[in-house]
Structures are given as C-alpha cells and as structure tokens.
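Just so we're aligned, residue 0 is where the first sequence starts under numbering that gives the first Met the number 0, counting upward by one.
No residue lacks a Cβ here, since even glycine has one placed at the ideal position from N, Cα and C.
On a predicted model such as this, the values are computed, not experimentally measured, just so you know.
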Amino acid sequence: MTSQKGAKIQPVRGTQDILPDKTPSFRHIENKALEIAERYGFQEISTPLIEFTEVFTRTLGDTSDIVTKEMYTFNDLSGETITLRPEGTAGVARAFLSNGLAQNLPLKVFYSGPMFRYERPQKGRRRQFKQVGIELIGIEGSQADIEVISLGNHFLRELGLEDSFTIELNSLGDPDSRSDYKKALLEYLSAHKKNLSPNSIKRLEKNPLRILDSKDKEDQKITADAPLISNSLNDKSKKFFEEIRNGLEKLNISYVINERLVRGLDYYNHTAFEFVSQSLGAQGALLAGGRYDGLIKQMGGPDTPGIGWAAGIERLEMLLEDFPKKRRPISIIPGDSSLNEKASIISNDLRQLGYTIDFAYSGNMKKRLKNSNKVNACACIILDKEAVKDGNCIVRDMDRGEQILIDSNNLSYHLKKYK
RNA sequence: GCGGGAGUAGCUUAGCUGGUUAAAGCACCUGCUUGUGGUGCAGGGGAGCGGGGGUUCGAAUCCCCUCUCUCGCCCCA
Numbered sequence: 000m001t002s003q004k005g006a007k008i009q010p011v012r013g014t015q016d017i018l019p020d021k022t023p024s025f026r027h028i029e030n031k032a033l034e035i036a037e038r039y040g041f042q043e044i045s046t047p048l049i050e051f052t053e054v055f056t057r058t059l060g061d062t063s064d065i066v067t068k069e070m071y072t073f074n075d076l077s078g079e080t081i082t083l084r085p086e087g088t089a090g091v092a093r094a095f096l097s098n099g100l101a102q103n104l105p106l107k108v109f110y111s112g113p114m115f116r117y118e119r120p121q122k123g124r125r126r127q128f129k130q131v132g133i134e135l136i137g138i139e140g141s142q143a144d145i146e147v148i149s150l151g152n153h154f155l156r157e158l159g160l161e162d163s164f165t166i167e168l169n170s171l172g173d174p175d176s177r178s179d180y181k182k183a184l185l186e187y188l189s190a191h192k193k194n195l196s197p198n199s200i201k202r203l204e205k206n207p208l209r210i211l212d213s214k215d216k217e218d219q220k221i222t223a224d225a226p227l228i229s230n231s232l233n234d235k236s237k238k239f240f241e242e243i244r245n246g247l248e249k250l251n252i253s254y255v256i257n258e259r260l261v262r263g264l265d266y267y268n269h270t271a272f273e274f275v276s277q278s279l280g281a282q283g284a285l286l287a288g289g290r291y292d293g294l295i296k297q298m299g300g301p302d303t304p305g306i307g308w309a310a311g312i313e314r315l316e317m318l319l320e321d322f323p324k325k326r327r328p329i330s331i332i333p334g335d336s337s338l339n340e341k342a343s344i345i346s347n348d349l350r351q352l353g354y355t356i357d358f359a360y361s362g363n364m365k366k367r368l369k370n371s372n373k374v375n376a377c378a379c380i381i382l383d384k385e386a387v388k389d390g391n392c393i394v395r396d397m398d399r400g401e402q403i404l405i406d407s408n409n410l411s412y413h414l415k416k417y418k
C-alpha cells in the first residue's frame, strides 16, 4: 500500500481516468475497429478479464517477459491462481477450446477491452491499457494473412492515420525454417559473444532472435552481418511469404520488409508484422501481430492454425487529431421553478423525437444562458410565464442571438433545423 | 527491474545562489447588465509549494527517503 497520508488521493500507478473530453475519441476508435472488422466478416467476442494463470503461462511460455515479470497474478478467496489478462489472444484461444468452436471453422472474432501488464509506465505504455484485436482461427492459406493485414491497414486508414504509420513485414518461416535459422544465427552470434551487450548475452540462451532488434550500438554492428532469415526459409515458406507479399501488392498496401522483426514466442511462425508510428517515441508499435499456428495445439487442442493482431487504443488516440464533433444540444430554460414541470414535459417530448436536450437546472436567467453557452447549445427554449400562459415559448438561436415566440405545439417543427 | 528529467492554485507556468501575508495567464465567482449568453471593464475566491523526515533563527527554494509523471533501456500494443 503506497497511498500517502496528507497527499491527494491518486490513481494506481500506470492507470488513468479517461474523462468526458477524451471518451469520445476512445469510443470512436473502438467503434471504427468493430465496424471495419465486421466488413471483413469478423464478429465480436468478449472473454473474461481474468483467467486461470495457466492460460497465459502455457501459451506465452515460461520464459517470456510477460509471464516472468509483467503479470498481475493473485490468489482468489478459494485459492485459485488468477491472472488479469495481459493480452487478448490467449483468452480467445481458451474460449475456442472451452466452447468447442473447432467444429465451426474458421472462427473470425474481434475483441476490445482493457489489458494489464506490470511494467514501468512510459509514454504510450500503461499498466492498464486498452486494445482492440482480431483473431482468424482455422485457415492455413495465405489469404488469411492477406485479409488480416488488410483489415489492420483499412482500420488505421479509416481513422485518418494513413500518413502516420508504416507497415513492417517479415516471415519467420515454418518451424523447420525457423529452427534452421536459429541454428545459423546462434552459430554466428556465439562467435561474437564477447562483444555482445550483457542483455544480449542473456538473450543468446533464452531468445537469440531478439538480439536482432537490440538497440545497443555494438549489437547492431554485429547483427549487421548476421545471417538473414530470408536465406533460411525453405521453399514452402518462401512461397507462402511470396503469396502474401503479392496479395498485399495487389491491394496497393505498401510495406517494408524488416528482417529484424521477430516474435519472441515459440508458437509464432511465418508472418510477423508491425504497424509502426514514428511520432510516439520508443513505443511506436500501433498495431502488431502474426501467425501462431502452434498456439492452439500448445494449449492442448487440435492442431489449428491462427493469425491475428492487436492495436493499442491509447497509442492510436494520441495520434488522432480530430474526430466527429459531438452533436450540439438544445438547452431548455424554465423561467422559474414553477415552470420546471412544463419544461420537463417538453424536454421529454423532444427527446422522444430524437432531439438532444440539455436541461438548465438552476440559477437565474443569466446563469442558465451562460450554461447553455458552455454546453455549446445551438438554441435555447426559454419558458417564461407570459409566453407559457399563451401556449408559447421562446426559441433563441444561440449563434445569431435572435429569439422568436413559438407556439408550443409547433415546437418540434420549428426546431427541425437544429436537429 | 535499471538510468536521466520533472512535480508550485482546476489547468499552464514564474519564483528556486534560503528571508516580510507564494506570483501570473486561463478557468471559476460577483458587479457594470434593470430575469437573456458568447466580447469588454472592475472586483473576488482558490495553492502554502507531491508526501515524509532533516539542516537552519528562518525553506517552495539546501540534504535524505518515498510517491507520481516524463524520457530512455528491457519488453511490448
């Protein structure tokens, strides 16, 4: 417990409140993602925020950073070991098995929601963060990869970010190619072991592929001449990769090959991709994913191929400059409290008709009008005693500052232009 | 987990080689405006300086610890 006496109460480190000025853009991103995913035939799935810890340790591997140091894991009251999900794929894979969905392939799902990782917060990196993601399970062919990448591209373009990212693409090949490459790389790197950074020496045993994208200058000098994975791909893998590249080109989706783009986890194979922004600092990956043909099997299910990606909503939000503005409300101002009931009834009627009505709850006329201004009302309905007595009310246009007397029964007709 | 920078009213900041009641802009409130906004003018409220502990006659200003944010490493979306 680290909250401090005498200090203002704070949110838990790495978490944030998203206030009403920001929620529209977050919602916009989630809506767009779902909308585009649906156009590609994906349907929404919602899996629990908590899973048995095993779900993640078995899929992510015991040595991955996520499992070894980033999971929020605790025992619940019955002693079960529970983990707050650090990513979305494992939960979907689990749901796939739990619900016997192997009978109905392919499974094409979209998800959206918070993830939790115990990391050091940074720009674009929080302990609780939101992702949207998709998984396409059950298709072996490259058309799946093409559609999944195309969908990611489509989504970001739809957000107006077409100039904000580049797509990096690589192939790790099938398990044979990959293990050949690992051997070749290990041989090469071992010869240079003494010049590698301490971090990379550790990685040599745990995860040699990761050394390829080390940011250490010395490491980079060494890896500059390292064997390339493209040279280790067998014919089958080469052909597969070629199909994907060709498919993307046919769709005019531009990408760059990044031979250093690797995935750390063992079940990844073939396609790996990252949509990267230059303007977010060190945490530039906006959307990333790859093919995980080994995952379902590793969880104890049938050997089922899969591919997917996830995108960080906070990171996308930081790049969003503007998005559709909120609809301007019409505010309703009862001249005094005796007119509240009347105002309430009119509000109700108009809301039923689809108008956005902001009720001016209190204060004198000046205060209430000021409030109307603050909520950016396009018009005000003012009820004063005299007007109401004759069955009228005043409609004030807030942009022009002009107001007219309207028969209450015809209100909706006169307000049409503000809808 | 490791290293650099920062933390002063709701927000953005000034002040920080220690010394009277901590300053400004924005926001907020009141009045000019007599039931009516947005501009202008005049007033006003609001922080004891992230938290804790030291040094000192005296600390927002110096020292230590700690929390949070931030930049980078690790890793990832």
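Next on the checklist: On the CB-based measure, 16 or more other CB atoms within 10 Å of its CB, does glycine 400 come out buried or exposed?
Outcome noted: Exposed is the call here.
Checklist entry - Around the C-beta of serine 343, are 16 or more other C-beta atoms found within 10 angstroms, so that it is buried, or is it exposed? => result Exposed, because fewer than 16 other Cβ atoms sit within 10 Å of the Cβ of serine 343.
Checklist entry - Residue ranges of each beta strand (DSSP E) run of no fewer than 3 residues wholly in the region 70-107, ordered along the chain? => result Runs of the beta strand (DSSP E) inside the region 70-107: 71-74 and 80-83.
Checklist entry - Which term fits asparagine 391, buried or exposed, when burial requires 16 or more other beta carbons within 10 angstroms of its beta carbon? => result Only buried fits asparagine 391, as 16 or more other CB atoms lie within 10 angstroms of its CB.
Checklist entry - Between the region 253-270 and the region 285-304, are three or more C-beta pairs nearer than 8 Å? => result Judged by pairs of C-beta atoms under 8 Å, the region 253-270 touches the region 285-304, as three or more such pairs exist.
Item to check | Burial state of tyrosine 360, where buried means 16 or more other Cβ atoms lie within 10 Å | outcome: Tyrosine 360 is exposed by the Cβ-count criterion.
Checklist entry - Can you tell me whether DSSP reads lysine 21 as helix, strand or coil? => result If DSSP states are grouped into helix, strand and coil, lysine 21 belongs with coil.
Checklist entry - In the DSSP assignment, what are the bridge partners of isoleucine 405? => result Looking at the DSSP assignment, isoleucine 405 forms a beta bridge with Cys392.
Item to check | Closest residue to lysine 122 among Ser278, Lys369 and Glu340 (Cα-Cα distance) | outcome: Here the closest residue by C-alpha is Ser278.
Next on the checklist: What would DSSP say about alanine 36, mapped onto helix, strand or coil?
Outcome noted: Alanine 36: helix per DSSP, three-state reduction.
Checklist entry - To the nearest angstrom, how far is it from the Cα of glutamate 385 to the Cα of isoleucine 356? => result Going by the C-alpha atoms only, they are around 22 Å apart.
Next on the checklist: Cutting at 8 Å between CB atoms, please list the residues of its own chain near isoleucine 28, excluding the five before and the five after it.
Outcome noted: Excluding the 5 residues flanking it on each side, isoleucine 28 has same chain C-beta neighbours closer than 8 Å at Val131, Leu158, Ile312, Leu315, Glu316 and Leu319, in chain order.
Checklist entry - Mind checking whether glycine 334 and aspartate 396 have CB atoms under 8 Å apart? => result Contact flag unset, no.
Checklist entry - Thinking C-alpha only, which one of Trp308, Val255, Lys216 and Leu247 is nearest threonine 88? => result Looking from the CA of threonine 88, the closest CA among Trp308, Val255, Lys216 and Leu247 belongs to Trp308.
Checklist entry - Which residue from Asp75, Arg124, Gln127 and Leu168 puts its Cα closest to that of valine 275? => result Ranked by Cα distance from valine 275, the options Asp75, Arg124, Gln127 and Leu168 are led by Leu168.
Next on the checklist: Rounding to the nearest angstrom, what Cα-Cα distance links asparagine 230 and glutamate 118 in this structure?
Outcome noted: The straight-line gap from Cα to Cα measures roughly 36 Å.
Next on the checklist: So, with DSSP's three-state summary, where would you put isoleucine 136?
Outcome noted: Here DSSP, grouped into helix, strand and coil, assigns isoleucine 136 to strand.
Next on the checklist: Which runs of the alpha helix (DSSP H) at least 4 residues long sit entirely within the region 206-275? Give them in chain order.
Outcome noted: Within the region 206-275, complete alpha helix (DSSP H) segments of at least 4 residues are found at 216-223 and 234-249, given in chain order.
Checklist entry - Mapping DSSP to helix, strand and coil, what is lysine 351? => result In the sequence under discussion, the amino acid at residue 351 is glutamine, which differs from the lysine named in the question. In the structure shown, the three-state DSSP call for glutamine 351 is helix.
Next on the checklist: In whole angstroms, give me the CA-to-CA distance for lysine 201 and lysine 68.
Outcome noted: Cα to Cα, the separation comes out at about 16 Å.
Next on the checklist: For leucine 286, which residues in the same chain have their Cβ closer than 6 Å to its Cβ, ignoring the five residues on either side in sequence?
Outcome noted: Excluding positions up to five away in sequence, the list reads Gly151, Phe274, Trp308 and Ala310.
Next on the checklist: Measuring only the C-alpha atoms, how far is serine 346 from leucine 18?
Outcome noted: Approximately 26 Å, taken between the alpha carbons.
Next on the checklist: Using 8 Å as the threshold, is the C-beta distance between isoleucine 49 and leucine 76 below it?
Outcome noted: Leucine 76 is positioned such that its CB atom lies no closer than 8 Å to that of isoleucine 49.
Item to check | Same chain, Cβ closer than 8 Å to leucine 227, neighbours up to 5 away in sequence not counted | outcome: If we look at leucine 227 and ignore the five residues flanking it on each side, its Cβ neighbours are Glu258.
Next on the checklist: Buried or exposed for methionine 0, going by 16 or more other Cβ atoms inside 10 Å?
Outcome noted: No answer about methionine 0 holds up, because its pLDDT of 42 lies below 50 and its placement is not dependable.
Checklist entry - Where DSSP assigns a beta bridge to glutamine 15, which residues make up the other side? => result According to DSSP, which records beta bridges pairwise, glutamine 15 is partnered with nothing at all.
Next on the checklist: In the DSSP output, what is proline 113 paired with across the bridge?
Outcome noted: For proline 113, which the question treats as bridged, DSSP gives the partners Lys129.
Item to check | 6 Å CB neighbourhood of tyrosine 110 in its chain, flanking five on each side removed | outcome: Ile44, Gly87 and Gly132, listed in sequence order.
Checklist entry - Span of the alpha helix (DSSP H) holding isoleucine 148? => result Per DSSP, the continuous alpha helix (DSSP H) segment holding isoleucine 148 begins and ends at 141-157.
Checklist entry - With C-beta atoms as the reference, is threonine 14 less than 8 Å away from arginine 156? => result Annotated as distal: threonine 14 and arginine 156, with beta-carbon spacing of 8 Å or more.
Next on the checklist: Any contact between the region 177-197 and the region 213-220? By contact I mean 3 or more CB pairs, one from each, below 8 Å.
Outcome noted: Yes: at least three Cβ pairs fall under 8 Å.
Checklist entry - So glycine 94 packs on leucine 171, CB below 8 Å; how close in whole Å? => result For the record, residue 94 in the displayed sequence is alanine; it is not glycine. The beta-carbon distance between alanine 94 and leucine 171, rounded to whole angstroms, is 26 Å. This is too long to meet the 8 Å contact definition.
Checklist entry - Are the CB atoms of isoleucine 243 and serine 176 nearer to each other than 8 Å? => result Serine 176 sits away from isoleucine 243, with the two beta carbons spaced by 8 Å or more.
Checklist entry - With 16 as the cutoff for other CB atoms within 10 Å, does lysine 415 come out buried or exposed? => result Under this definition lysine 415 is an exposed residue.
Next on the checklist: Distance check for proline 10 and glycine 161, CA to CA, integer angstroms please.
Outcome noted: Reading the sequence as shown, one finds glutamate at residue 161 and not glycine. Approximately 34 Å, taken between the alpha carbons.
Checklist entry - So threonine 165 is in the beta strand (DSSP E); what residue range does that whole segment cover? => result Per DSSP, threonine 165 is one residue of the beta strand (DSSP E) stretching across 165-170.
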